[in-house]
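In my numbering, the protein residues as written are 82 to 1119. Note sheet for the following structure.
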């Protein structure tokens, strides 16, 4: 695309017109924005010497900001116009920001107008949440004598006030996302109640009569002809509405479904009359939020910080004071992802769309996918309509310069059906004949996708030109492992580099060392694994800082002995490091600091093996920064955060990322996974819902307004998911592949299409011009489960293995090349219990049901036992202060509903764990790798504790145990004992199986003679497996 097309040229040259530009994916909007910006500078309509102060450009991401600045500066620098070349020299002052960057800059310039310190910091999101939760905690104390609180707990069947606390926090952030205030919500609540009318049941009864004539199955007629409904006809009452709804049946006939939905809407309308009884709870919740917000504001002022909502609110307050911003031209990118407050800011900046300021907005409603962050497509559409009313021009860019022509034809066919009137056909400008492909698999999606990628790479495709897109980032790890086994590089961008926990720790360390008065960074440093102070200690230290206003020994005066010792050592370390940083460059300082803090070992234990590579990368970046800059260590952090988003796109390797992360990017080859994952709405897991009709509560029989709001949110969310599908597809330049589950029978293949999935939506579009590939047919590059290294590999292993704090760790060579395999204690136990299960799972790679941890699967529990085990083990690992928040987060993580019975069940499990704890915990989830007689063994010890100076090993089982299982798990603990003694050089006195189901510990036999027998059995097990593998290899069996 060397030249601009007609629409692009007009958009970039019509400087005297307000323009709303609808720019579809791949149509070149960035080129238009930069060209228009340069044309404005050329136009001589700006004040000489102040050109860059009079043009404002707002982008969506820091990456987009940096790219736009770079493109414009390059063109200015290379321009034959001497005036433009002169502007390029001070282009760093250009007013090109993200919306929050603009707001921050505006507040600093006009800070006295909103009574804010000019040197405020933007709060880390986690710390801001922590402060607000703390404010809610304190505010809840004001209402402990309020009868409304206990009435609420009774009516909602909440077990304790922690439940309402977590829901209030979620409600507050929902309000902020929608730019709603407490005052507005109170007003809408009152208006809703004022408009209520006395219930008239006539329409409902008529609808039920019509429903009965349709023949809706067996359930409804029995209820309809019963005595209870007969009495209801004569004297209708609200209490029967729930019974009516429950007895409607579930017939799948379309006319019955439509009538059933109409009845449900009428029932909900009648229930709305009961909303008046919820008023005291709405008032209670809003009173608590009002109190918490006041405390939160005070806390932020004490720390001299603002959160992202503050930036928008205060910028708007400044603009309402009619300041002179000097802007003559404003350009806004990605306007479809704006929120109502950002629209208000833009209205003020343009003096309510006056002729004084020229406005150019670019958006694509088909790519509005950030509703969860407050992005509101309705706000975009309303603003564009308003611009039209003020005489602006609306233009469409429909020439696509990204995807090849066959893909473009496919997109048009698919999305004109899916997105309906929101979609307009786009035109291709690149020739290509490769059709959309359906990559099918029966059991192992990761292997099928890895096979396909292997073929691409083997055919000469660069790994960085391939992207695998997911809707959920927690599904990426398995594919990453599968690709690494094959020696294929991976760029997993599910997190930005600076969002990795170990990197956040290092950034906090630099901040705490660089600024001895930075209480926020100091407290976060104390809480990090580098120090390890618990939540209660951080609360106490924050409180003491409020009293003494100094970071000294008084900060820790109220801590218990254990935490005070940690605090004292940390303070000494900080002082040492502050001296160290004066005489070292950044790279050397970090190396020395991490050695002193033993952070490589700590990070590996807490965050996993990959952390050591990320830390090494961080040190290298710091060293590179030293070589080109004389700025301070703190400036390095600013540099790192501003350039962070470039890291993923420049990295080598197959790109694994969420669809949201891929927005704005393009790749030669795109593979879409999660194709059968259900399209979900916002869901109804929260107790409260809020919108422009006020507050709704999930309260049985009195949830009419809650359902109205939730249905609206649900529909918006599902519509957004369709746009997410569009964004995913339009990242592809040359090829697009959908990963699809299938059933194979002989030569027949039948696609598995799950309800409410992208796959179902794709099928319903009626598109049929695609190719089908069988992903399991090609096994090239697939790694065998067990490899025996040759002698050279073993020698290499001996020379490259490393010791960190006496803990043998896997080396990158072994982990990524797969030349050597570790045998796990778990695989040995599986083999002892059921050899066939072992071979199916570990040799053939079949997905069997998880080992049941001692439970009978017939036992009735409100949560799958495997997930229960994961959650309880995680609790034992982290022992969170707030149990309810922890359980809520875990259930959400595994897409489980937060039912009272589930919470109660898990609370009993962790209560049993808490009551049976003993001694001092030395290790949690201790992962080990060690050699025993030429066999390399791995495992993970739940806990190592110290009781009366004796070291004990504990394996936690969430289910009940019988004698057979105890005997089996004894073997596992014997292996753990040998491993820990050998690695740590200490004596383990005893070992226990702790059964939460039985509420007791079982002591197991760890005499050396018994351990020796078990290790011999383990050796025999390995030899048998390897001999069978060799036999299969000689016979050519795969």
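We put the CB at the ideal spot given by N, CA and C, even for glycine. Because the structure is a prediction, the values reported are computed rather than measured.
As an exercise, report each continuous alpha helix (DSSP H) stretch of at least 4 residues that is fully enclosed by the segment 117-165, in chain order.
143-158
What does residue 770 pair with, by DSSP beta-bridge criteria?
777
C-alpha gap between residue 739 and residue 563, whole angstroms:
18 Å
Entirely within the segment 257-291 and at least 4 residues each: give me those alpha helix (DSSP H) ranges in chain order.
263-275
Could you compute how far the alpha carbon of residue 1057 sits from the alpha carbon of residue 1016?
15 Å
Between which two residues does the beta strand (DSSP E) harbouring residue 451 extend?
No beta strand (DSSP E) holds residue 451; DSSP gives it neither H nor E.
Decide if residue 128 is buried, meaning its Cβ has at least 16 other Cβ atoms within 10 Å, or exposed.
exposed
Under 8 Å between the Cβ atoms of residue 194 and residue 411?
no
Which residue marks the beginning of the alpha helix (DSSP H) containing residue 34, and which one marks its end?
Summary: the structure shown does not reach residue 34, with the chain confined to residues 82 through 1119, and so no result is reported for it.
Assign residue 418 to one of two classes, buried (16 or more other C-beta atoms within 10 Å of its C-beta) or exposed (fewer than that).
buried
May I have the straight-line CA-CA distance separating residue 92 from residue 422, to the nearest angstrom?
27 Å
Buried or exposed by the 16-neighbour rule on C-beta atoms within 10 Å, applied to residue 347
buried
How many angstroms separate the CA atom of residue 635 from the CA atom of residue 621?
11 Å
Give every residue of the same chain whose Cβ lies closer than 7 Å to the Cβ of residue 971, excluding the five residues on either side of it in the sequence, and list them in chain order.
952 and 955
Ignoring anything shorter than 4 residues or poking outside the segment 791-839, list the alpha helix (DSSP H) runs there in chain order.
none
Out of 580, 544 and 583, which has the shortest C-alpha to C-alpha gap to residue 568?
544
Apply the 10 Å Cβ neighbour rule to residue 810 and answer buried if 16 or more other Cβ atoms are within range, or exposed otherwise.
buried
Work out the CA separation of residue 845 and residue 98 for me, nearest whole Å.
42 Å
Just to confirm my understanding: we take residue 101, look at its own chain, exclude 5 residues before and 5 after, and list those with CB closer than 7 Å. What are they?
442, 465, 468, 473 and 475
When burial is assigned at 16 or more other CB atoms within 10 Å of the CB, is residue 119 buried or exposed?
buried
Examine the Cβ distances between the segment 105-123 and the segment 371-390 and report whether three or more of them are shorter than 8 Å.
no
Between the segment 659-666 and the segment 583-599, are three or more C-beta pairs nearer than 8 Å?
yes
Excluding five sequence neighbours on each side, which residues of the same chain lie with their C-beta closer than 6 Å to the C-beta of residue 802?
760
Is DSSP giving residue 1099 helix, strand or coil here?
helix
One question on the structure: do residue 685 and residue 693 come within less than 8 Å of each other, judged by their Cβ atoms?
yes
Could you tell me if residue 1104 is buried or exposed, where buried requires 16 or more neighbouring beta carbons within 10 angstroms of its beta carbon?
exposed
Reduced DSSP category for residue 197 - H, G, I as helix; E, B as strand; rest coil
coil
Between which two residues does the beta strand (DSSP E) carrying residue 588 extend?
First-last for residue 588: 582-595, but that is the alpha helix (DSSP H), not the beta strand (DSSP E).
Cutoff 6 Å; reference residue 527; Cβ partners in own chain excluding five residues on either side
559, 560 and 563
Inter-stretch contact (C-beta, 8 Å, three-pair minimum) for the segment 767-776 and the segment 578-586
no
Element boundaries [alpha helix (DSSP H), containing residue 1028]:
Premise fails: residue 1028 lies in the beta strand (DSSP E), 1016-1028, not in any alpha helix (DSSP H).
Measure the Cβ-Cβ separation of residue 1039 and residue 1002 and say whether it is below 8 Å.
no
Nearest residue (CA-CA) to residue 856, options 1060, 969, 1070 and 521:
521
Relative to the C-alpha of residue 734, which residue among 349, 907, 546 and 666 is closest?
546
Own chain residues within Cβ distance below 8 Å of residue 748, not counting five before or after:
546, 547, 548, 736, 812, 813 and 814
Neighbourhood of residue 494 by C-beta distance below 6 Å, restricted to the same chain and skipping five residues each side:
848
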